[in-house]
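Protein chains in written order, with this note's numbering: chain A, 1 to 318; chain B, 1001 to 1485; chain C, 2001 to 2221; chain D, 3001 to 3670. Virtual Cβ for every residue (Gly too), placed ideally from N, Cα, C. All values derive from a computational prediction rather than experimental measurement.
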Amino acid sequence: MALTADYGVQGCQMLLTLLLAPLLTGFVRTLKARLLRRRGPTPLQPYRDLLKLLRKDVVLADSASWLFRVAPYLIFAAIWVAASLVPTFASGLPFSWTADLIAIVALLGTARFFLALAGLDVGTSFGGIGASREMMIASLAEPAMLMMVFTLSLLAGTTELSAVARFMLNADVGLRVSLALALLALLMVAIAENARIPVDNPATHLELTMVHEAMVLEYSGRHLALIELAASLKLLLYLSLTACIFAPWGMATAGAGPLDYLVGVVAYLAKLATGGLLLALFETSIAKMRVFRVGEFLGAALMLGLLGTLLLFVSRSL
Amino acid sequence: MSGADLGLVAMVVLLGVPAGAALLLVLVSDYRRGARLNVGAALLCLLAAVTLFQARPEANLYLRVDDFNIYLIALNNWVSFTTSVFSAGYIAHELETGRLTPAYLRFYHAMYQALLFAMNLALLANNIGLLWVAIELATLVTVLMVGLYRTHAALEAAWKYFILGSLGIALALFGTILVYLAAQPVIGQGLPAMAWDRLIARADAFDPALLNLAFVFLLLGYGTKAGLVPLHAWLPDAHAEGPTPISAVLSGLLLNVALYAVLRFKMLMSANPSALAPGPLMVILGLLSLLFAGLMLYRRGDIKRLFAYSSIEHMGIITFAFGMGGPLANFAGLLHMTLHSLTKSAIFFTVGHISQVKGTQRISTIRGLTVTHPTLGWGLVAGAIAIAGMPPFGVFMSEFLVVSSTFARQPLLALPLVVGLLLAFGTLLWRLHGVAFGQPDRAAFVPVRASTLPVTVHLTLVLVAGFWLPEPLVAWFRHVAALLG
Amino acid sequence: MHGLAFDIAHFLAGGMVVASFLLLYQDRLYALIHVFALHSLVLALAVGWQAAVQGAHHLYITAGIALVFKAIVIPVALHRIVRRLGIHRTLETVGGVGRDMLAGTGLVALAILVMLPVTTAADALAREDLAFALAVVLLGLLLMVTRRNAVSLVIGFMSLENGLVLAAAGARGMPLAVEISVAFSVLIAMIVIGIFLFRIRERFDSVDMQAMDTFREERRR
Amino acid sequence: MPLSLSLGLAMALLAVGLHAIAASRRAGCTRQVYGVSLAVCIILLGMALAHLLGGRTPITLTLPIGLPWLGAHFRLDALSAFFLIVVNLGGAVASLFALGYGQHEKTPERVLPFYPAFLAGMNLVLLADDAFTFLFVWEFMSLSSWALVMAHHREPANARAGYLYLVMACFGTLALLLAFGLLAGPDGGYDFAAIRAAQATPGAAALVLALALAGAGSKAGLVPLHVWLPLAHPAAPSHVSALMSGVMTKVAVYGFIRIAFDLLGAPAWWWGGLVLALGGITAVLGVLYALMQHDLKRLLAYHTVENIGIIFIGLGLALAFQANHMYANAALALTAALFHIFNHSLFKSLLFLGTGAVLTATGERDMDRLGGLIHPMPWTALAFLIGAAAISALPPLNGFVSEWLTFQAILASPELPQWPLKFLVPAVGALLALSAALAATCFVKAFGITFLGRPRSPAAAGARETDRYSLVALFVLAVLCLLAGILPGLVVDGLSPVVSVLNGGARLTAQSSQPWLTLVPVVDVKSTYNGLLVLLFMAFSGTGAALLIHRFASAAARRGPAWDCGFPEASPATQYTAGSFAQPIRRVFGSVVFQARERVFMPPPGDLRPARLEVELHDPVWERGYAPIITAVVALSSRFNAFQYLTIRRYLSLVFGALVLLLLGMVLWR
């Protein structure tokens, strides 16, 4: 009985992430508009866009292959699985041991792999630009992310997110330099991975500055919808990852009563809101950087992560 | 008749047949009959050498057969037999191309048998004076053979060989006299004091200082014949300019005979406790030869000279092995002597065929043999791989033993050895790679007329030696290795 | 043996060393040949004396060979060669006579140094002989490497070989001494013929020699 | 019995090779040779599997050949059984592929005799149990593979590659020879049993380790000894390249494991550090080199270098742990390394075979002349895609599992007491992560440029799908990649006997008992991964989404020209090429590692010449490590060459000098 309940909660979490993702994106957009003194669309706009796209026909380029048609589903599936494995409002859910943090990072890698391939598939120059730049960014962001993972798992003694969350909850962690470094690294990576300013501009329509948009240039209809959904899922994933690791407060543990779950959900929504707000503020207050500065930006993130890990390696034996 | 007598007969055959054949061949005008006679005589000697395995004669003051020379004699006559077969086909082509005239061929065959006689005498000799005479004779004969083509280069090579060779001979004689002087007070005057078995029996009582001096002269003297650096100068040109069968015999046999002489005296040294250890000298000379030859291989443009330098390299390895001493290294040295002469003669056969079908010895003008002449090309590749000490060929075993045992005992000595081996390997292969592979040139195709059987047989022997050695051979090697100290 | 015999042997052997020095000293080809004849003569005497002292009669043959062959036949032959091939009459030394003499003295010292302590077992005569013989050998070699001339090379070699024969004769009861000297005479005869046959021009590092190198192998690639 | 059987089978392979020398020109010969090889490999594979999973005790056998007084020793234990599986799996698939591929061979007489010999050589190396036999067959393996590299010797590049390969092989053998010499001692105890019994002094052991690294590393392609590998592997016919890259490098790793873990006794901690550092550097340099390539096969070869680096990272960790008696962690690291060995043999063979299929279809290896192959040859493309995803360590495929295990081993390492290791291990972890990410980039490039987009040359446009033998071979490997990815627990259990042999009995806990076959490497550290569930979830959500959308939203699709921001119908030349795809990476890393320079030539307006972009790269290893040696040798030999042309007088003075020198020496010596 309790087991089925847990499975139910797990299912809820999966659906929750799916439903919240567009909202978060829309929320950030609205905030940014307001910060720029524009009215901007309602936070619900992304849902409408998705529905509209879903209903439209797909226009495939003549040179598109079967991979082009399969990729959106693969990307969506990989990112959704990854997102639903991150504890949002409750930790220790039945399938939380399916994949640890490393595996989640790798799942995002899978999604990116196929997105870049899809960008190359039609054989246009812009697809190529997007794919090569995306992979360059990723090849620096992923190690930085993994360094962050190292730092955490060395502290918590595990790469299991629920365990990490539980570990961060209890008081004796205290404030650590390496944690701060890890947080910084995580945020930089998150910005890069989600194609946000200053690395990439989600709203740009100047092709030469595009990275993510350039890759999906040829997509339309339901495929585009899935990819957009995947993108917002990814944003949600990173926010909830940050929340779950560095602000696990109010998170319920598996098998707790509905009340705790309710608290957890509320706390989670609050965290998301704050995250979105901070993101919007950050994005409006900074300008986009040249593509080839990104290397240095992410190299810094990598160094920060490595520094955190080194500090831990050394301090562990002090 | 009893075994001993049979052995005596065999010895007489080994010396008498070549001597007789040499005289006889001077009279034979038809070169075909001459070649056949040549092969026949060599075959007879081979049979006699084999019978020595069955029946060993007991030693007298002049001649003796023991574990050391018995297999060398067999090897010697075997290679000279196969070489005679090869040369039968080779000279026919030389006649057609007009490089040689029948008169010269008559001379050539006679000299061939004379050389065989000299080498057999040197190997059989129980008397260090006789040994010296035999080797001097061999020198004179080979000088005449090297100059056979009468080209400028050939004459000049022969002259160089002649001068350096006779200087070596002279030094060796002085050494021999010194050994006699060392032995005379102990053994007494006269022949016994020059008989090797008496010497080795009483060597411990000799005056060590005199022995040391003697060894210096003998090493330099016979070392010149063995082509050790810096005494090697005659060797490359003599190999390159003489007829290819002679190059094969020089590399395959004469160097061995010279080294054999050195080793005989090394035994004396190691039998005398207070004499200086000859090891270091030989190690130094060996390393010098190895490294020097390795460097010289790189710039060679003449394929026969290339392999001549490779012979210097291998003499270096062998000398190094004996210098290191110890059962493993000595065993390896003996094995290497045997396999090198087999392999190198096979290579020279191949090279002879190649230079005949291509009409040149210039490496740069021979390309992609494995395409045009698969047998020759792959034969050359196999020979090169074998001589470079790679499995499945036997040379690998000896090099394995030398290197590993050296490194276990003297790591610092093994270093230059390994460097030299690698260097020589690289430079040799660098030269041969283009010969065997690559786009062949457009030259008119000339088929191989002569039989490639000798090559095949030799290489097969070396191949078999790679993973199996006959029991008695191993026994002799180990016994001699023990004697060599 | 009694002193006189020893002294004479000693005197003759020393005479050979002196003769070798004379060879080193020459700078005219004919003179060189004459001195070599003298060298061989002294050898013949020394060997003969040894034969008498040792009572080894076969040594007389060796002495005879030395006298007839080396002291007479070879020099005459060389004379004719020099005339036939029109070889330069003056010798060209690498270093210069003075330096050669100096080196020669060093070599003699070396020979004595090497020899004297060695043969304590052998009798004094043999020892002396051997020391001088080694000196002669080394001087012969020196002559070979310091003269740029075929004939002088041959003469150097022959004087070296004289030293060997001297040593062989000095070694008591040395068997095969005759055979060896015969074998050597053959060698030398061939060398002399060689000069004829191979038409080796006067100088060893001379121009046409360089030309031969180009036959041998393209030098620089 | 199994041992003698396998020896017999190896002999059978050699016999087939000999037969092929005579018959290679005949029609059926190709099928005969590859058929027999296939059969032999399958039998050996089954035998090795039985031995490994049956948990048998080691079997030994001595034949009266080899060194006379020693004989040839052979031994089959868990380690050799595991590597036999790797070798013969690769061999079987390659032979199967070659049944179709070999038909296109121009010069069969240069391939057929050596192919079985090569297989036999690799098998024998794994069975040899004394130094002489080991080196004998080791060198034999190198030699036969060299012959295969020289199969297409008419291209000068191939000939050069073959030469370099041969010299490096000789170097490696000499290094191993020295190592064994030191292990065997002056009186030659060459059989491995005696070597195990004898304990080497610390100094000697260190020397042996260094030599083993040089010897085995040069064959495995460890930086800086890798230079021959990316030249030689591509030069061979593709199924041979697959064997060389996927399998022979593993045999080299076996050599290192055999010496370092089995023969050499207890390690010192810094060994681990050395191997770790080398592994990390190799991994990153390998993948960076690979990114700069546009020749598909060479790119794959450089990736072999990278993966060898990853394997050596695992081995180095294991050594470090063992030196500190942390055997549980050592077991983890070893499992990771062995798992990656297995995985790499799978997907590297797969990728090379796929390249072979492309080669036969188009005759092109240069990516910049390919493109759009997914349309004419969809099945090859699918298999290649799976291989690419696997080597990029993407879940749920097998490449990810072994790298995940390696990461777990790194995370278990802060307990190591030695300070240098404390700094080294996380740095190597970063290098590993970097190389993994770069590998993904590189294979997006490899697959994307080759199979996607539009054809860049008529050859690519006219491609046809490859034959069915090849397809079967490709998909066997692809399926294995997937299975090893979703059922890693079974593989780990299969490896545990090997691990316990090398690790003093310590092994990972049995995985097959875990619920849902989850991978739980170390119990106290609760890090788990379940490939099966990840696959199920992804399949569920992906297909679910597809079904829902097609059912309730639109399922219609129209074809039209590519939009491309309004520039349709541009020529295929406007597509990104391999070089342009790698350009951002080149900007970031290349300028540091390869001193990459880009020169743009833009003709003035009105000038009709095309604009040109020139990129120059420098190979630091070659220019700093090898070129100096070569120049030194050339200079020395030119200097010494004068000795060939001295005059007789000078030669005489050489002899004279030697004599005087020796006499002086005697005088002084006394």
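Extent of the continuous beta strand (DSSP E) run through residue i
{"i": "A:Arg37", "result": "No beta strand (DSSP E) holds A:Arg37; DSSP gives it neither H nor E."}
{"i": "D:Gly3755", "result": "Only positions 3001 to 3670 of chain D appear in this structure, which leaves residue 3755 of chain D out of reach."}
{"i": "D:Glu3598", "result": "Arg3597 to Phe3601"}
{"i": "B:Val1012", "result": "Segment Gly1003 to Leu1027 is the alpha helix (DSSP H) holding B:Val1012; no beta strand (DSSP E) there."}
For residue i, the nearest candidate out of the options (CA to CA)
{"i": "D:Leu3495", "options": "D:Asn3324, D:Leu3049 and D:Gly3255", "result": "D:Leu3049"}
{"i": "D:Leu3263", "options": "D:Ala3212, D:Leu3084, D:Phe3192 and D:Phe3140", "result": "D:Phe3192"}
{"i": "B:Ile1385", "options": "B:Val1229, B:Thr1427 and B:Ile1363", "result": "B:Thr1427"}
{"i": "B:Leu1459", "options": "B:Ala1329, B:Thr1375 and B:Thr1097", "result": "B:Thr1375"}
{"i": "D:Gln3418", "options": "D:Leu3548, D:Leu3397 and D:Gly3272", "result": "D:Gly3272"}
{"i": "B:Arg1554", "options": "B:Ala1182, B:Val1017 and B:Ser1087", "result": "Given that chain B is displayed from residue 1001 to residue 1485, the structure contains no residue 1554 of chain B and the question cannot be resolved."}
{"i": "A:Pro87", "options": "A:Ala78, A:Tyr219 and A:Leu101", "result": "A:Leu101"}
{"i": "A:Ala78", "options": "D:Leu3394, D:Leu3285, D:Pro3584 and D:Ser3653", "result": "D:Leu3394"}
{"i": "D:Gly3028", "options": "D:Pro3002, D:Gly3046, D:Leu3067 and D:Gly3102", "result": "D:Gly3102"}
Run of the alpha helix (DSSP H) containing residue i, from where it starts to where it stops
{"i": "B:Gly1379", "result": "Pro1374 to Ile1387"}
{"i": "D:Val3428", "result": "Trp3419 to Phe3451"}
{"i": "A:Asn170", "result": "No alpha helix (DSSP H) contains A:Asn170, which DSSP labels as neither H nor E."}
Those residues which DSSP pairs with residue i across a bridge
{"i": "D:Phe3074", "result": "D:Leu3061 and D:Ala3128"}
{"i": "A:Ala90", "result": "A:Ala252"}
{"i": "B:Asp1302", "result": "B:Arg1362"}
{"i": "D:Tyr3529", "result": "D:Leu3519"}
{"i": "D:Glu3616", "result": "D:Arg3597"}
{"i": "A:Ala61", "result": "D:Gly3560"}
{"i": "C:Arg2028", "result": "C:Thr2090"}
Exposure label - residue i; buried when at least 16 CB within 10 Å
{"i": "D:Phe3407", "result": "buried"}
{"i": "C:Ala2211", "result": "For C:Ala2211, the pLDDT reaches just 41, beneath the cut-off of 50, and the residue's location in the model is therefore unreliable, although a value from the coordinates is still provided. Label assigned to C:Ala2211: exposed."}
{"i": "D:Val3655", "result": "buried"}
{"i": "A:Arg38", "result": "exposed"}
{"i": "B:Leu1484", "result": "buried"}
{"i": "B:Pro1470", "result": "exposed"}
{"i": "D:Phe3540", "result": "exposed"}
{"i": "C:Glu2218", "result": "With a pLDDT of 42 at C:Glu2218, under the threshold of 50, the modelled position of this residue cannot be trusted; read the value that follows with caution. C:Glu2218 should be labelled exposed."}
{"i": "C:Gly2106", "result": "exposed"}
Residues of the region 1189 to 1216 of chain B in Cβ contact with chain D at a cutoff of 8 Å, in chain order, please. The residues in question are Ala1209, Asn1212, Leu1213 and Val1216.
Between the region 94 to 128 of chain A and chain D, which residues of the former have CB atoms less than 7 Å from a CB of the latter, in chain order? Across the region 94 to 128 of chain A, CB contacts with chain D closer than 7 Å involve Phe95, Trp97, Thr98, Ala99, Asp100, Ile102, Ala103, Ala106, Leu107, Gly109, Thr110, Phe113, Ala116, Leu117, Leu120, Asp121, Val122, Gly123, Thr124, Ser125, Phe126 and Gly128, in sequence order along the chain.
Members of the region 2095 to 2111 of chain C near chain B, C-beta cut-off 8 Å: Listed in sequence order: no entries.
Could you list the residues in the region 1246 to 1280 of chain B with a C-beta less than 8 Å from some C-beta on chain D, going in chain order? Listed by position, the residues of the region 1246 to 1280 of chain B near chain D (Cβ gap below 8 Å) are Leu1276.
Contacting positions in the region 1428 to 1462 of chain B - beta carbon closer than 8 Å to chain D: Against chain D - using a Cβ distance shorter than 8 Å - the residues of the region 1428 to 1462 of chain B are Leu1429, Trp1430, His1433, Gly1434, Phe1437, Gly1438 and Gln1439.
Could you run through the region 142 to 163 of chain A and flag, in chain order, every residue whose CB is less than 7 Å away from some CB of chain D? Using a CB distance below 7 Å, the part of the region 142 to 163 of chain A facing chain D consists of Glu142, Pro143, Leu146, Met147, Phe150, Ser153, Leu154, Gly157, Thr158, Thr159, Glu160 and Ala163, ordered along the chain.
In chain order, what residues of the region 3633 to 3657 of chain D put their CB closer than 7 Å to some CB of chain C? Result list: Gln3644, Tyr3645, Thr3647, Ile3648, Arg3649, Leu3652, Ser3653 and Phe3656.
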